[in-house]
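Its first residue numbered 81, the sequence shown is counted upward by one per residue in my numbering.
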Amino acid sequence: MAKGVLVVGGSPAGVQAALDLAEVGLKVHLVEASPFLGDGAGMPQHLLRPRLLEATGHPNIEVLTGAEVTRLTGEEGRFRAEVQRFPRYVDPSRCTACGECVAVCPVTIVAASRQQQAGSERRAIFGGNYGAVPSVFAIEKRGPAPCKAACPAGIHVQGYVALIAQGKFADALALIREAIPFPSVCGRVCHRPCEAACRRGEYDEPVAIRDLKRFVADWANRQIGESRITNRRSTVRFHDPRVAIVGSGPAGLTAAHFLAREGYPVTVFEALPVAGGMMAVGIPEYRLPKDVLRREIADIEALGVEVRLNAPVGRDGGPGLEELRRDYDAVFIAVGAHKSRRLGVPGEELEGVLHGVDFLRRVNLGQEVAVGRRVIVVGGGNVAVDSAMVARRLGAEQVTILYRRSRAEMPANPWDVEEAEEEGIALHFLASPVRVLGQDGRVVGLECVRMELGQPDESGRRRPIPIPGSEFAVGADTVIVAIGQAVETSFLEAEGWRLERGGRIAVDPLTLATEVPGVFAGGDAVTGPATVIEAIVAGRRAAESIRRYLRGEDLAAGRVLGAPDISGIEYYTPPVVEPQARARMPKLPLAERRGFAEINLGFDEAQAVSEAKRCLSCG
C-alpha cells in the first residue's frame, strides 16, 4: 500500500476524516468491511450521500469496500498495513442495481453484514440501503461450501441443490454439466464424498446430494428426450489441430467432451465393442442401466466426437502410439484397469475359477456365463460385491463373500454391501484362501485360513495375519476372484516406454503430461483403479492441458492440485435447524430383484424439492 493515511471504517465520521485529510493533499486509504459505504449509517441521506459521492470520486481517496485490515506493523510515521479484500462476485461494470437478481436468487442465508439484524435471513445477493455507494450489488460468501470442497470435480453442489429447492431443475442440471458430462452416471455410482462433508450431518443426516444429481438428470431425460441430441449436434470446427484419445472410459470421454466444446476434432479409440470403458463393462446394469450411459455418451458424440469401437491401439492390427503421434497433434492415454489380479494360490487354473473384472465384462457384453449353485467371491471391494450380486442374478443359490479383513476395512461402498446382504449374500470375514480345491479338473471348494488383524499397513487398514493351524475348507462350485485390478499398458512397453509399478504411466501430476511431448495420460492408467468421478476429473484436467499445449501456452500457470483449505472458514448456520429425516431412495422390491432391472428408482419432484430444502447453504 502506498504511503499516506489509513482510515479504518466507512462511518460518517470516517468518510469526513478521509475528505478532510484528502483536501490537505494527503493520500487516504479508506477501508470499510461492508461492501458499501454509508449503509446503515443512521444519518439523513440528503446530508450523507453528497459526502459519499465526493469521497468515492476524490483523486486522493482510495476506497476499499469489503475489506479488512489483517495486520498492522511498524511505528509512528512508518506503519505498514496488510488489507484483505473480499470479492463482490458481481461485475461492477455490468450491474445496474435493478434488484432483479434478488428476486431470482435461490439461496437464503443468515445475514452477516452489519447493516442486517443479527440472525436475520436474506438472499445471498443483496444491495446496500438507499443512498449507499457503490450502487453495485454483492454476494456474501464465506468460501467454498464443504460439499464443493470435498467433491473431486469441484461441482457447485450448494448451487445446484439450491436451484432444485426452487424447482429450477434445468438450471441445476446446467450447473452440474459445467463440471462433468456424466450427471446421470455420477448420480448413480459416485462414492459421494460430498455427503461425508455435509454439515447437515451434524444435526441429523447429510443431504442426499448424489440422489439429487440423479434426479435432475433423469428429469431432463424425461422432459427433453432424444430431441436434445439433434438439437445440440455441432459440425463446426474452429481449430485445425486434431486430438486422439485412447480409451472411452470416464477419463477419455470427459476429455473428449471438453475438447470438443472448445472446437477441437477428437477421435476416441476403444478396444471394446461398446463405448464407456468400465462404466459400460464393469458396473452391472442393475446399478447403471445401459440406456442411461448410452444417452450421456450420445450427448458427447453429438458435439462431433468420433468414437471408434473395436479399435485397439498397439495390438491386434490397430495403430501404434507412434502412428497416433504422427497423425494427431496431441494424444491422451486413458485406458482403464481392465486386468484382474490373480490370487496366486494352487488350483487357480481349475475350471470354475473366474476373475471379477473379466466376469463382469462378459456379463455386461451379453456373453453366456455359467455359475454353479454355490459361489464364493474372494475380495472386499466394489467389484467383489457386484460379482456376488450378479452371480445371484445368474442363478446361484448360495453366494458368500470371503474377505481377509473385517467389515470395517472393506473398501466397498457400505450402502452397496447393505444391498448385497438384503439379497441374501453372506459375508465371511477374517479368512483368506490358500488353495482352490478341485476334482476331475473342476472346482469343488476352497481351503482357507483364518486371519487376525495386526498393525495398519500402507493403505491405512490393519494388516491381516494368518493364524497357524486354523485352516478350514468350504465347498463351492464357482470361485470368483475379485482382489484388485491392473491397467493394461503392455502396448506402451512394446514401444519402449518406462512404466511405473503395476504398469502405470508416469506423468506430471498437475498437467498429466508424460515425458513424450504432446502425449498426456490420466485416470486408471496413472493412478491405478479409482472411482468414476476421479477419472472424470483427470479427463477434465487433461483437456485443459491439451488445450494449452495446442495453443502454445504454459501448461501449469495458475493451476493447483488438491482441495481448497476450508479449515478456517466460519460457515453460515441458520438460527434454528428443524430436524427432518433424509429422503429415502425408493427401491425395487426385493422379490423383484432376480433380473438386472435397476434397484434404485429415483426421487419424484416432491421428494427432491423437500430434500434439497434441507441444505444449510453453508458457503
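Ideal Cβ positions, reconstructed from N, Cα and C, are used throughout, including at glycine.
Under the three-state reduction of DSSP output, residue 479 falls in the strand class.
The criterion of a C-beta distance shorter than 8 angstroms is satisfied by residue 349 and residue 391.
Between residue 477 and residue 453 a beta carbon distance of about 5 angstroms is seen, short of the 8 angstroms cut, so the two are scored as contacting. Note: residue 338 is not bridge-paired with any residue in the DSSP secondary-structure output.
Secondary structure of residue 228 (DSSP, three-state): helix. Per DSSP, the continuous beta strand (DSSP E) segment holding residue 514 begins and ends at 511–519.
Residue 178 counts as exposed, since fewer than 16 other C-beta atoms from the protein chains shown sit within 10 angstroms of its C-beta. Taking all protein chains shown into account, residue 489 has 16 or more neighbouring C-beta atoms within 10 Å of its C-beta and is therefore buried. Taking C-alpha positions only, residue 651 is separated from residue 239 by approximately 15 angstroms. Judged by DSSP in its simplified three-state form, residue 83 adopts coil rather than helix or strand.
Residues of the same chain with a CB within less than 8 angstroms of the CB of residue 625, apart from the 5 flanking positions on each side, are 591, 592, 593, 600, 635 in chain order. Cβ-Cβ distances below 7 angstroms link residue 449 to 439, 442, 443, 474 in the same chain, with the five nearest sequence neighbours on each side left out; the list follows chain order. For residue 627, the closest of 401, 517, 263, 324 by C-alpha to C-alpha distance is 324. The beta carbon of residue 106 sits closer than 8 angstroms to those of 84, 85, 140, all from its chain and outside the five residues before and after it, given in chain order. In this structure, residue 146 and residue 212 do not form a Cβ contact; the two beta carbons are roughly 13 angstroms apart against a cut-off of 8 angstroms. Taking 8 angstroms as the upper bound for CB-CB distance, residue 400 and residue 411 are not in contact here, some 11 angstroms apart.
In its chain, beyond the 5 residues on either side, 186, 689, 692, 693, 695 have a beta carbon closer than 8 angstroms to the beta carbon of residue 245. Beta-bridge annotation (DSSP): residue 443 is not paired with any residue.
Under the three-pair Cβ rule at 8 angstroms, the stretch 609–617 does not count as touching the stretch 568–583. Beyond the five residues adjoining it in sequence on each side, residue 587 comes within less than 8 angstroms, by CB distance, of 593, 594, 600, 601, 602, 606 in the same chain, given in chain order.
Taking the Cα positions, residue 668 is about 25 angstroms away from residue 273. Residues 410, 598, 635 of the same chain have their beta carbon placed closer than 7 angstroms to that of residue 629, with the five preceding and five following residues left out of the count.
Per the DSSP secondary-structure output, residue 680 pairs in a beta bridge with 667.
Restricting attention to 578, 467, 437, the CA atom closest to the CA of residue 451 is found in 467. Counted as a single uninterrupted DSSP element, the beta strand (DSSP E) harbouring residue 158 occupies residues 158–165. Under DSSP, residue 115 takes part in no beta bridge, so it has no partner.
Per the Cβ contact rule, the stretch 482–496 is in contact with the stretch 531–544 (3 or more Cβ pairs under 8 angstroms).
When DSSP states are grouped into helix, strand and coil, residue 347 belongs to the strand group.
In the structure shown, residue 595 adopts coil according to DSSP, grouped into three states. Rounded to the nearest whole angstrom, the CA to CA distance from residue 497 to residue 562 is 15 angstroms. Annotation: the continuous alpha helix (DSSP H) that includes residue 463 extends over 462–473. Counting the other Cβ atoms within 10 Å of the Cβ of residue 495 gives fewer than 16, which makes it exposed. Annotation: residue 684 to residue 661 spans about 16 angstroms, alpha carbon to alpha carbon. When the Cα atoms are used, residue 296 and residue 386 turn out to be separated by approximately 27 angstroms. Looking at the backbone, the Cα of residue 268 and that of residue 428 are separated by about 34 angstroms. In the three-state reduction of the DSSP assignment, residue 302 falls in the helix class, which pools H, G and I.
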